[in-house]
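2 protein chains.
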Amino acid sequence: MIVKYNLIKTEKNTKARLGKIETNYGTFDTPMFMPVGTRGTVKSLNPEEVKACHSGIVLANTYHLWLRPGEDIVDLCGGLHKFMNYDGPILTDSGGYQVFSLAKNKKDITEEGVNFKSHIDGKKLLLTPEKSIEIQNKLDSDIAMSFDECPPASATHEYLENSVKRTLRWAERGKKVHNNPRQALFGIVQGGPYEDLRKYSAIETVKMNFDGYSIGGVANDGESKEDMYKAIDYSVPYLPEDKLRYLMGVGEPVDILEGVERGVDIFDCVLPTRIARHGQAFTRDGKINLNNAKYKTDLDPIEKDCDCYCCKNYTRAYIRHLISVGETLGGRLLSIHNIRFLIRLTEEIREAIEKDSFLEYKKEFLDRYEKR
Amino acid sequence: MIVKYNLIKTEKNTKARLGKIETNYGTFDTPMFMPVGTRGTVKSLNPEEVKACHSGIVLANTYHLWLRPGEDIVDLCGGLHKFMNYDGPILTDSGGYQVFSLAKNKKDITEEGVNFKSHIDGKKLLLTPEKSIEIQNKLDSDIAMSFDECPPASATHEYLENSVKRTLRWAERGKKVHNNPRQALFGIVQGGPYEDLRKYSAIETVKMNFDGYSIGGVANDGESKEDMYKAIDYSVPYLPEDKLRYLMGVGEPVDILEGVERGVDIFDCVLPTRIARHGQAFTRDGKINLNNAKYKTDLDPIEKDCDCYCCKNYTRAYIRHLISVGETLGGRLLSIHNIRFLIRLTEEIREAIEKDSFLEYKKEFLDRYEKR
């Protein structure tokens, strides 16, 4: 069996969908937020902690694992699940986003693929659609992504038109070499904020009959939220009902809510773990920064009604202390809380879809979250 | 009840002792290795992980907690146990060692105490015997240590003679202000490698009737192992049988074995967690360095017969990957293993004492450990 999406219901007033995903490594409900395990580990956490956040699936980065330790070593270790000791579903991205963001100003995009220099040692590398899929085949994730071009938010319509077409040719080439019967392969819709390009990209990608679809090019530096929502609005109508829809690189609560409303099922983002390392925590009343001196003597947990390990066991005063002296346990505890926060958000979203009250839930959540 | 030491037996051929300690936060067997939770956390680990290593007691540093977050904040949080969410026994040191090591070249020792500059912001500070005890009273650890002078390994007999006498006066002053009925107070024997000074220090310290005794001044930079063993040999004969004996700052397996042989009960050291962060692991065959490229494809655990979380779940290849890319989970897994390694060592030592076969055990362990 490869990844199977079961649509349970679509909410009455929106495009929000309730679904269930089946994989070889277990099932999970959607909408779902996916923590990011960049280099084969969700930063500072062990797999049990990731699971205790009720995570349904984690993401690992093909680019990073390709460079270190290399896909052959992961393969030798029995694939990514065994390598990182995580027996739940794993999605790998294509490496495209990293090649375009980390190798900035050094990349050379050709029909063959992308020539760039490693962000670690400056070594010249070439990532092609075939290579990306071959790496992911060896990593043996449950879901692999097609290799796409991720143009900057400033790209013109003319540039994007060529880019979308190249991404389609790359998707085709990747699909041809995909050769792992345990692994699903997803296509990626590109096209920036342009209706005609998103439509074209979606229709042509869907024609190739992938196992699921993602909406890419939406978490770029400098992109407006307006453009992100347009990208979703212009893509979703052309995606099949019976396949998973994944909005790449998105993790702000408001964007998860806007994405779900527009028919998206899963999301990923480094945000919860990255802000945790800097001392920030999500709360129902917005983000708080534990570096603030007022938390020195705050005996409350991060959130009183949160069921995570951090909130059940530690005070803000202790976490502030850990953060302020640079102890890694601080970022670890906040990572647990922040991941759990986003996953609880998706749990509540699922309940709201169930009750056909998504818009009420969204308004209530955002009114409180954005008040301060 | 404050801390109570129960001597179970002394080994037939050595001074090695088997004992049991009772505290308000539980009992533990001795000999025991004590992990160090410098700033209210055993670096990178949570309390459950520390306990899963079968740790009987942890150490926290008075100096560090005094500077940040400050003893009043720990007090406000309900004491160190509640602050760090650790409900097992905790020992705090006096701050003396840190004042002498971290504030190097800036200290000014007077009869009153030590004037020095904070290693964090250069602020002028004064730590006195009374202040050290007052801080520890507020931290509410199970065992507090007297404030002592920690002279460098190069100190002359003349210097040490004055220093030992001052440390005795400081011990007396600290004992007078000690005011926490839940907390035991230990005296510290000093005197460098000199028999007359150790004897004098031990006898005079014991006269003050502390709840336990430690042997200090043995883990200084530049001190030879010979001198360390002499310091123990010259101190132990004058310490009472019915009180705990603690060798401060010692954690190399060979030194734990030598200490136990000479009648020491507990040990502490940052070594297992510090070397872990640098990619080193204890094994029965000596230390190994996971940065070594040969571990890239090593599918074995750190130690096949180890029962720790790290060894039961992860390969050397994965841990090497984590260490080489700088993921904190790497140091965390190795910290768990290294602490468990030293605690297993003390478990096996206890078995050997039980069977009156300590010397055989020691030889067998060291023959293998030091072979490579």
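Quick note, the sequences are listed as chains Y and P, same order.
Start counting the first sequence at 1; every next residue gets the next number (this note's numbering).
Start counting the second sequence at 1; every next residue gets the next number (this note's numbering).
Note that CB positions come from ideal geometry on N, CA and C, so glycine has one too.
Legend entry - C-alpha distance - leucine 342 of chain P paired with aspartate 356 of chain P, whole-angstrom precision: 21 Å
Inset, instruction - Check the DSSP bridge columns for glycine 187 of chain Y and list the partner residues they point to. - result: Y:Tyr213
Legend entry - Other residues of its chain near tyrosine 361 of chain P: CB distance less than 6 Å, five sequence neighbours each side excluded: Ala352
Legend entry - Pair within 7 Å by beta-carbon distance, tyrosine 200 of chain P and leucine 239 of chain P: no
Inset, instruction - Classify threonine 156 of chain Y as buried or exposed, calling it buried when 16 or more other Cβ atoms lie within 10 Å of its own Cβ. - result: exposed
Legend entry - Beta carbon proximity, phenylalanine 267 of chain P to chain Y, threshold 7 Å: no
Inset, instruction - Output yes if chain P places a C-beta closer than 7 Å to the C-beta of cysteine 77 of chain Y; else output no. - result: yes
Legend entry - Proximity below 7 Å, CB of leucine 65 of chain Y to CB of serine 141 of chain Y: no
Legend entry - is_contact[proline 395 of chain P, chain Y] using C-beta, thresh 7 Å: This structure gives no information on residue 395 of chain P, because the portion of chain P shown stretches from 1 to 372.
Inset, instruction - Taking C-beta pairs closer than 8 Å, name the residues in chain Y that valine 270 of chain P reaches, listed in chain order. - result: Within chain Y, no residue comes near valine 270 of chain P; the closest Cβ sits about 13 Å away, beyond 8 Å.
Inset, instruction - Find out if the Cβ-Cβ distance for the pair serine 336 of chain Y, tyrosine 309 of chain Y is shorter than 7 Å. - result: Looking at the sequence itself, residue 336 of chain Y is isoleucine, so the reference to serine does not match. Closer than 7 Å, so yes.
Inset, instruction - Select from P:Asn6, P:Leu299, P:Gly78 the residue whose C-alpha is nearest the C-alpha of proline 31 of chain P. - result: P:Asn6
Legend entry - Cα-Cα separation between glycine 378 of chain Y and aspartate 72 of chain Y, rounded to whole angstroms: The requested residue 378 of chain Y does not occur in the structure, where chain Y is confined to residues 1 to 372.
Inset, instruction - Hey, could you find the ends of the alpha helix (DSSP H) alanine 231 of chain Y is sitting in? - result: 225-235
Inset, instruction - Give a yes or no on whether the minimum CB-CB distance between phenylalanine 147 of chain Y and chain P is below 7 Å. - result: no
Inset, instruction - Quick one: list the residues of chain P neighbouring glutamate 303 of chain Y, beta-carbon separation under 7 Å, in chain order. - result: Chain P residues near glutamate 303 of chain Y: none, gap ~17 Å exceeds 7 Å.
Inset, instruction - Give me the Cβ distance between leucine 244 of chain Y and isoleucine 21 of chain Y, rounded to the nearest whole Å; I'm assuming they're in contact under 8 Å. - result: 6 Å
Legend entry - Given isoleucine 275 of chain P as reference, the closest of P:Glu204, P:Gln190, P:Gly331, P:Leu197 once Cα atoms are compared: P:Gly331
Legend entry - Per DSSP, cross-strand counterpart(s) of alanine 281 of chain Y: Y:Ile288
Legend entry - glycine 174 of chain P beta carbon less than 7 Å from that of isoleucine 133 of chain P: yes
Legend entry - Exposed unless 16 or more other CB atoms sit within 10 angstroms - verdict on threonine 23 of chain P: buried
Inset, instruction - Compute the minimum distance between the beta carbon of glycine 113 of chain Y and the heavy atoms of the ligand COA, and state whether it is under 6 Å. - result: With respect to small molecules bound, the structure shown includes none, and the ligand COA cannot be examined in it.
Inset, instruction - Taking valine 114 of chain P as the reference, give the member of P:Asp121, P:Lys123, P:Gly96 with the closest Cα. - result: P:Gly96
Legend entry - CB contact below 7 Å: leucine 244 of chain P versus chain Y: no
Legend entry - Min CB distance valine 58 of chain P to chain Y below 7 Å: no
Inset, instruction - May I have a chain-ordered list of the alpha helix (DSSP H) segments no shorter than 4 residues that lie completely inside the region 127-157 of chain P? - result: 129-139
Legend entry - Span of the beta strand (DSSP E), counted from its first residue to its last, around alanine 60 of chain P: 58-60
Inset, instruction - Could you tell me whether the Cβ atoms of alanine 184 of chain Y and isoleucine 143 of chain Y are closer together than 7 Å? - result: yes
Legend entry - Closest by C-alpha distance to tyrosine 295 of chain Y, when choosing among Y:Ile135, Y:Arg284, Y:Gln280, Y:Arg169: Y:Gln280
Inset, instruction - Note down, in chain order, all residues in the region 29-46 of chain P with a beta-carbon under 9 Å from any beta-carbon belonging to chain Y. - result: Thr38, Arg39, Gly40, Thr41, Val42, Lys43, Ser44, Leu45, Asn46
Inset, instruction - Would you kindly report the start and end of the unbroken beta strand (DSSP E) that includes valine 114 of chain P? - result: 114-117
Inset, instruction - Would you mind telling me which residues of chain P sit closer than 9 Å to serine 101 of chain Y, beta carbon to beta carbon, in chain order? - result: Under the 9 Å cutoff, chain P gives no residues; its nearest Cβ is about 18 Å from serine 101 of chain Y.
Legend entry - Any chain P beta carbon closer than 7 Å to glutamate 48 of chain Y: no
Inset, instruction - Spell out a yes or no on whether the region 303-319 of chain P and the region 80-88 of chain Y are touching, meaning 3 or more CB-CB pairs, one atom from each, closer than 8 Å. - result: yes
Inset, instruction - With methionine 84 of chain Y as the anchor, note down where its alpha helix (DSSP H) starts and where it stops. - result: 80-84
Inset, instruction - Within the same chain, show all residues whose beta-carbon is closer than 8 Å to that of valine 58 of chain Y, passing over the 5 residues directly before and after it, in chain order. - result: Met34, Pro35, Val36, Gly37, Val42, Val50, Tyr86, Gly88, Pro89, Ile90, Leu91
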